[in-house]
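Q: Can you keep this structure in mind? I'll have questions shortly.
There are 2 protein chains.
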Amino acid sequence: MAQDPLVIFTPSGKRGRFPVGTPVLTAARQLGVDLDSVCGGRGICSKCQITPSYGDFSKHGVHVAQDALSECNSVEERYDRVRGLKTGRRLGCQATVQSDVVIDVPPESQVHRQVVRKAAADRVIEMDPATRLFYVEVAEPDMHDPTGDQQRLAKALSEQWEVDDLEVDPKILPVLQKVLRKGDWKVTVALHRSHAEARPRLIALWPGLHEAGIFGLAIDLGSTTIAAHLTNLDTGAVVTSAGIMNPQIRFGEDLMSRVSYAMMNPGGEREMTAAVREAIDTLTADIAKEAGIDAGLILETVFVCNPVMHHLLLGIDPVELGQAPFALATSDALHFSAVELGLTALPAPARIYILPCIAGHVGADAAAVALAEQPGKSEDLALIVDVGTNAEILLGDTSRTLACSSPTGPAFEGAQISSGQRAAPGAIEAIRIDPATREPRFRVIGCDLWSDEDGFADATAQTGITGICGSGIIEAVAEMRMAGLLDPSGLIGSAEATGSERCLPAGRTHEYLIHDGTAGGGPKITVTQGDIRAIQLAKSALYAGARLLMDTRGVDKVDRVVLAGAFGAHISPKHAMVLGMIPDVPLDKVTSAGNAAGTGARIALCSLKARREIEATVRRITKVETAIEPKFQEHFVAANAIPHATDPFPELKKVVPLPQVCFNAGGDGSGGGRRRRRG
Amino acid sequence: MAQDPLVIFTPSGKRGRFPVGTPVLTAARQLGVDLDSVCGGRGICSKCQITPSYGDFSKHGVHVAQDALSECNSVEERYDRVRGLKTGRRLGCQATVQSDVVIDVPPESQVHRQVVRKAAADRVIEMDPATRLFYVEVAEPDMHDPTGDQQRLAKALSEQWEVDDLEVDPKILPVLQKVLRKGDWKVTVALHRSHAEARPRLIALWPGLHEAGIFGLAIDLGSTTIAAHLTNLDTGAVVTSAGIMNPQIRFGEDLMSRVSYAMMNPGGEREMTAAVREAIDTLTADIAKEAGIDAGLILETVFVCNPVMHHLLLGIDPVELGQAPFALATSDALHFSAVELGLTALPAPARIYILPCIAGHVGADAAAVALAEQPGKSEDLALIVDVGTNAEILLGDTSRTLACSSPTGPAFEGAQISSGQRAAPGAIEAIRIDPATREPRFRVIGCDLWSDEDGFADATAQTGITGICGSGIIEAVAEMRMAGLLDPSGLIGSAEATGSERCLPAGRTHEYLIHDGTAGGGPKITVTQGDIRAIQLAKSALYAGARLLMDTRGVDKVDRVVLAGAFGAHISPKHAMVLGMIPDVPLDKVTSAGNAAGTGARIALCSLKARREIEATVRRITKVETAIEPKFQEHFVAANAIPHATDPFPELKKVVPLPQVCFNAGGDGSGGGRRRRRG
């Protein structure tokens, strides 16, 4: 007796023998090959497309004849006629095995396909969606065997999909009967599982085959802005991204001022909760409109945010986060329905997932960075800093991951800087100072020209030159240090001491003039001694946090540094290191991860496996609380100098000469924040 | 070496040896003895009270010395001083075993104690509450090991109570931190499990030891009235009962008129849902106020109701229930939180349980009757009828249970009766007609005297005599039949034919005068031919339903009949049988079960085991749909005669002589609802 035909699937390599006439989809399922199907093999969803290969495959030891699969049947022909099948493609549920065959499953036919991220890093997201569609044919009601429509739907799912123990969202009950009848007892249901073993929950259904797709939102809920990525839950593709200001700003610019608003104003936390939920509703409606999709198709939302935003989103008074021991109300990952979270632009049964918080100062946003950047999978020791109003810092390699948060304050974002402003057209974002002439040149947002290039004045006439943004002030301070205008203690030298007329007296200190726009009615843009102090405080906090993690890990250097956060993308590694923001490493070992928190949110949105992974990771992370570590103060003081009072920075010194100057009249170089004189 | 002391618990008889010094509570737990404790053995909740017995116990073969338990320690002494311990009682967590001892666990110290029902039947409810209290001491937050308050609470519950996998209701999150701190990290939590294996869900918590108890509502949601029993979830005792009219009456008196309101008015089902939920809120607030408890302590509610009420409570359009095949949207038992069901007087996390529906016409109320009356555990064949606007009928014994619903209409409730009214003061509720004189006497609600007794006029002067309620009309028709005023076909005889001047002509038919109050400005109360027809239709439907179940079961008699429903309590078995409402059985085999649906709701409220039992029972019940059974019409027509055209009623005839009269001019006795003449 001849053997059954051999069926080999690529790229998985899974193989098995099946009787002549077995549909390819059936063979794939029995072998556990990742081949998608929404309609369950009825030839209507087209998700199970495969490509047979013909000829000799010495690698597999088979010859595939031209008639290895059955001829196109009427279902496939109709499908091809109406919607078109790519050349060489077949529907896996219709084509049957006739003889030995090699069958390729293209990426778009795989449930667990890999989606390449847009961002620079080359990591891919493996799709493992929590919400999936199932087309199902339900038995009609029978008076002689009276069961509910829900129960017959559950039975059909069990029989046709081996999906058992169906739960139905309460908000679905009122529409269930109408949809079943409208679809003539054929419906597509969206089932959500909060984890692989959880009961499947019916969160949406449509009559017949639903072809408009389902979507999710990955939301990075920041103190200042709320950014959302509308993502196709089937393909993982980002359809549209959009952002909105966090309206809580009216209650306080930074986190601690919002906490104190809640402390000082009874019900203040409820006001802030209502404000942020309303903004999320607005953002949801806007992004759906922009993408041209029905917001009713957005069935999942993932949030990443810092602990204060986390608590205010949940309606929890953040007061405990404002005082030691900084206790979170809840730290694990959370699951809600949209209605439970008071979000009204999403369909009520839509599922919400919030990543776990690492500690009272290290939130779900830091967890998302860890998910995106995977310090725990790094072979070399990686320091990841997400720079914002607070800096979240992760240090890790395959042996261990540590995390802390450091209160950098808003100076890095241009706040508390005399000429500071948010990143917007007209803001100076880059600056260079000639070490010989000590003359500056700069670039402003909205214009690609440097200020000493022809046409700059014309090109910036519209926006003007309005101030310095975060990356601009970091570059300015670093360039001043490299040009010898600033000594290691952070003192700006006088015109006499520096030889630059741009060093202007300002009371008992000096300021450096970058641009005088007063003749044209614009501002005079200077870097003052106060600006330097503000940047020194911020960078010292950041460096001290990193050093604290290094101490805990028992190392005094790291192998590489990753700058995350939207802001991180704009910081020049060289300038960051001259400033001493980050530990000394070779400059080519400093990379930018872009918006890693947002990427982490997208990964969690697309993958249950990723959620499980980050939940386990967060439990294992070593948490370091900077506020109570005596060594933090010590590191903070030592980091006040530019780049550092005691740490040597040998890699930096290989590429950047730093002038040995001292502008302190007393000459002790202690400087720092204290305005005292000795001797 | 001497053996460890022997500890014997009564009434369980469980025994074991324990080292000297073992607390009684510890011994009880290790033996699986049902001994309550909320505080976990800290000597503050007093739930673990036990009574040691002393002397010789030949049955157990032990002698118990006076010092078999340790002396009262300071904790017990303080407790006794402050709150008082009954004589002989000890705190099981403080008293330790010193030598052989027999220990009685009084009922009030058992979690699974049995609660005797107030109603006539002698069944008891075994407490197995879904929601229980746990006193727990939670670790304070630690900056060096930052976990959320929720996670530390979960850990404490796991360590102190072996309660794992805590879920927290979203509405609890905002209060968690404040309560933990107010209680100085000692709190009482209320944990709910929807079934024995479900994850425990935190639905309420209080600082310190919570001593005000927790409560539940058992709600019988009827078409006309909504009745609620406020029940102590610890003891099972009914604290207060209260009722309210179902405001949906303004959309239609009976179920089908409400279904048609929803069909005719877009959004009509939403109006009715809002109305009933608002009424439940009012009832909840009222009953809590009446009982003097905080409505925030009502942590569970159980609903029983017919399918139309069920769907309207859930916000489901009931239109499918108004037409074949009478498909329920969902038939299984349901679990919600109060907020999911839009109930606002209950605390948002309060749990709702709705009993399963049996079929499109046989609702959760019938399931509740089955739970209360347990036909499936009856050794003899029991017919249980719950008489209301629809009659729910159950037939069962240990071998099998069948159920159907029959459309009796509201005649049994006094509606559609010319002098009919609801049961209220002034309504005739009982009536007797002298077979010799054919003169009536009667009793009205609000007065214990019969109308021919001295003082009746004075006693009823306040209320007047205003009409006939449901039980009154049934008695009136049966008495008329027994007195020879009515023939088997249901025709009222003329004054000449009957010899009674009270038989007054009314068009082409006659009516029987019960009371003429017109002289005093009151109504003239008669039973008209139309009234007889209405009662005949209702009773025929009821009897036909019962017969259909008997057919399906293959029997032509039953062993006993149970009349359930608030109305059932007022029907005299003899009159019901003369009327032919129920099959012929010995009169002493007809019993009343009172409000069995309400009792079933109470049982489900107090016991997870009972919920599991009724869910399993409902799945096994044989459902019979009366609307589509050809035999139903046949039985209906035959049952039109009083008591019946063909069924012999031998038991009835043993005790009640029924005159053989015929008032049909044609003399064929066919009568019935058809006003035709033959011959």
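Residue numbers (UniProt numbering), protein chains in the order written: chain U, 1 to 679; chain Z, 1 to 679.
All residues carry an ideal CB built from backbone N, CA and C; glycine is no exception.
Name, in chain order, the residues that DSSP records as bridge partners for I219 of chain U.
A: Here the question's residue 219 of chain U lines up with position 219 in the first sequence. DSSP lists U:A228 and U:F303 as partners of I219 of chain U.
Q: Can you give me the start and stop residues for the alpha helix (DSSP H) that P630 of chain U sits inside?
A: On the first sequence, position 630 is the one that residue 630 of chain U refers to. Run containing P630 of chain U: P630 to A638, per the alpha helix (DSSP H) assignment.
Q: In terms of DSSP beta bridges, what is W206 of chain Z paired with?
A: By one-based count along the second sequence, residue 206 of chain Z stands at place 206. Per DSSP, Z:T188.
Q: Straight-line CA distance for R553 of chain Z to M143 of chain U?
A: The count along the second sequence starts at 1 and reaches residue 553 of chain Z at position 553. The count along the first sequence starts at 1 and reaches residue 143 of chain U at position 143. The alpha-carbon atoms of R553 of chain Z and M143 of chain U are separated by roughly 18 Å.
Q: What does a CB cutoff of less than 7 Å around D254 of chain U pick up in its chain, not counting 5 residues either side in sequence?
A: For the purposes of this step, residue 254 of chain U is taken as residue 254 along the first sequence, with counting starting at 1. Cβ neighbours of D254 of chain U beyond the five flanking positions: S223, T389 and P410.
Q: At a threshold of 6 Å, does V239 of chain Z count as lining the ligand MN (C-beta to nearest heavy atom)?
A: Absent from the structure shown: the ligand MN. Ligands present: none.
Q: In three-state terms, what does DSSP make of A616 of chain Z?
A: By one-based count along the second sequence, residue 616 of chain Z stands at place 616. Helix at A616 of chain Z.
Q: Is S331 of chain Z close to chain U? Criterion is C-beta to C-beta, closer than 7 Å.
A: To locate residue 331 of chain Z, count along the second sequence from 1; it is residue 331. S331 of chain Z counts as touching chain U.
Q: To test your reading of the DSSP string, which unbroken alpha helix (DSSP H) runs of 4 or more residues are found completely within the UniProt domain "2Fe-2S ferredoxin-type" (5–109) of chain U?
A: Qualifying alpha helix (DSSP H) stretches, in chain order: 24–31 and 74–82.
Q: Return helix, strand or coil for K118 of chain Z, following the three-state DSSP convention.
A: For the purposes of this step, residue 118 of chain Z is identified with residue 118 of the second sequence, where counting begins at 1. Legend: pLDDT at K118 of chain Z = 44, less than 50; position of this residue unreliable, no value from coordinates given.
Q: Taking only three categories from DSSP, how would you classify A382 of chain Z?
A: Along the second sequence, one-based indexing puts residue 382 of chain Z at 382. If DSSP states are grouped into helix, strand and coil, A382 of chain Z belongs with the strands.
Q: Looking only at DSSP bridge pairs, what is K524 of chain Z linked to?
A: In the second sequence, the residue the question calls residue 524 of chain Z occupies position 524. Z:D516.
Q: In chain order, which continuous runs of the beta strand (DSSP E) of length 3 or greater are located wholly inside the segment 129–162 of chain Z?
A: You should have 131–137.
Q: Report yes if the CB atom of G216 of chain U is closer than 7 Å to the CB atom of T231 of chain U, and no otherwise.
A: If you number the first sequence from 1, residue 216 of chain U lands on position 216. If you number the first sequence from 1, residue 231 of chain U lands on position 231. Contact flag set, yes.
Q: Could you pull out every residue in the same chain whose Cβ sits closer than 6 Å to the Cβ of Q94 of chain Z, ignoring the five residues on either side in sequence?
A: Here the question's residue 94 of chain Z lines up with position 94 in the second sequence. Once the five neighbours on either side are set aside, the close Cβ partners of Q94 of chain Z are G43, N73, V75 and E76.
Q: Would you kindly report the start and end of the unbroken alpha helix (DSSP H) that includes A476 of chain U?
A: On the first sequence, position 476 is the one that residue 476 of chain U refers to. A476 of chain U -> alpha helix (DSSP H) spans G470 to M482.
Q: Looking at the C-beta of P141 of chain Z, does it have a partner C-beta in chain U at a distance below 7 Å?
A: Along the second sequence, read from residue 1 onward, the residue named residue 141 of chain Z stands at position 141. With 7 Å as the cut-off, P141 of chain Z counts as an interface residue toward chain U.
Q: Assuming C469 of chain Z and G414 of chain Z form a contact by the criterion Cβ under 8 Å, report the distance between their Cβ atoms to the nearest whole angstrom.
A: To locate residue 469 of chain Z, count along the second sequence from 1; it is residue 469. To locate residue 414 of chain Z, count along the second sequence from 1; it is residue 414. Rounded, the Cβ-Cβ distance is 5 Å, consistent with contact.
Q: Please report the distance separating the alpha-carbon of A157 of chain U from that of E137 of chain U.
A: By 1-based counting over the first sequence, the position of residue 157 of chain U is 157. By 1-based counting over the first sequence, the position of residue 137 of chain U is 137. The sequence shown places Leu at residue 157 of chain U, not Ala. Cα-Cα distance, rounded: 8 Å.
Q: What three-state label does DSSP hand A364 of chain U in the structure shown?
A: One-based indexing of the first sequence puts residue 364 of chain U at position 364. Residue state, collapsed to three classes: helix.
Q: In this structure, what does DSSP give as the bridge partners for C404 of chain Z?
A: Locating residue 404 of chain Z in the second sequence gives position 404, counting from the first residue. Bridge partners of C404 of chain Z: Z:I393.
Q: Answer with buried or exposed for I582 of chain U, where buried requires no fewer than 16 other C-beta atoms within 10 angstroms of its C-beta.
A: Counted from its first residue, the first sequence places residue 582 of chain U at position 582. With 16 or more Cβ atoms within 10 Å of its Cβ, I582 of chain U is classed as buried.
Q: Would you verify that the beta carbon of V303 of chain Z is, or is not, closer than 7 Å to some beta carbon of chain U?
A: Numbered from 1 along the second sequence, position 303 holds the residue referred to as residue 303 of chain Z. The sequence given here places Phe at residue 303 of chain Z; Val does not occur at that position. So, not an interface residue.
Q: Anything in the segment 147–159 of chain Z with a Cβ closer than 8 Å to a Cβ of chain U? List those residues in chain order, please.
A: Within the segment 147–159 of chain Z, the qualifying residues are T147, G148, D149, Q150 and Q151.
Q: Nearest to T463 of chain Z by alpha carbon, out of Z:G521, Z:A478, Z:S406 and Z:G484?
A: Reading the second sequence from its first residue, position 463 is the one you call residue 463 of chain Z. Selected option, being the one with the closest Cα: Z:G521.
Q: Nearest to D584 of chain Z by alpha carbon, out of Z:A546, Z:R602, Z:I621 and Z:A569?
A: One-based indexing of the second sequence puts residue 584 of chain Z at position 584. The shortest Cα separation from D584 of chain Z among Z:A546, Z:R602, Z:I621 and Z:A569 belongs to Z:A546.
Q: Is the Cβ-Cβ distance between C357 of chain Z and S331 of chain Z less than 7 Å?
A: Locating residue 357 of chain Z in the second sequence gives position 357, counting from the first residue. Locating residue 331 of chain Z in the second sequence gives position 331, counting from the first residue. Cβ distance < 7 Å, so C357 of chain Z and S331 of chain Z count as in contact.
Q: What residues of chain U sit near L176 of chain Z, judged by a beta carbon separation below 7 Å?
A: Translated into the one-based positions of the second sequence, residue 176 of chain Z becomes position 176. Neighbours of L176 of chain Z on chain U, chain order: A329.
Q: Ignore the nearest five residues each way along the sequence and tell me which others in T344 of chain Z's own chain have a CB closer than 7 Å to its CB.
A: On the second sequence, position 344 is the one that residue 344 of chain Z refers to. Closer than 7 Å at the Cβ level, and outside the excluded window around T344 of chain Z, lie D281.
Q: Under 7 Å Cβ-Cβ, which residues of chain A neighbour E320 of chain U?
A: Of the protein chains in the structure, U and Z, none is chain A.
Q: If you count every other CB in all the chains shown that lies within 10 Å of the CB of D623 of chain U, and 16 or more means buried, which is it?
A: In the first sequence, counting from the first residue as 1, residue 623 of chain U sits at position 623. In the sequence under discussion, the amino acid at residue 623 of chain U is Lys, which differs from the Asp named in the question. Result: buried.
Q: Given that a residue counts as buried once 16 or more other Cβ atoms are within 10 Å of its Cβ, and exposed if not, what is M272 of chain Z?
A: Indexing the second sequence from 1 puts residue 272 of chain Z at position 272. The residue is buried, with at least 16 neighbouring Cβ atoms inside 10 Å.
Q: Using the beta-carbon count (16 or more within 10 Å), is A120 of chain Z buried or exposed?
A: Residue mapping note: residue 120 of chain Z aligns to position 120 of the second sequence, counting from 1. Caution is warranted here: a pLDDT of 34 is assigned to A120 of chain Z, below 50, making its placement in the model unreliable, and the coordinate value is therefore given only provisionally. Exposed is the call here.
Q: For S500 of chain Z, I'd like the list of residues in its chain whose CB is within less than 7 Å of its CB, leaving aside the five on either flank, ordered along the chain.
A: As a working note, residue 500 of chain Z is residue 500 in the second sequence. These residues qualify, in order along the chain: R438 and L485.
Q: Going along chain U in order, which residues have a C-beta closer than 9 Å to the C-beta of D317 of chain Z?
A: Taking the first residue of the second sequence as position 1, residue 317 of chain Z is located at position 317. The answer, in chain order, is P174, Q177 and K178.
Q: Could you pull the start and end residues of the alpha helix (DSSP H) that V259 of chain Z belongs to?
A: Working through the second sequence from its first residue, we reach residue 259 of chain Z at position 259. Segment L255 to M264, the alpha helix (DSSP H) holding V259 of chain Z.
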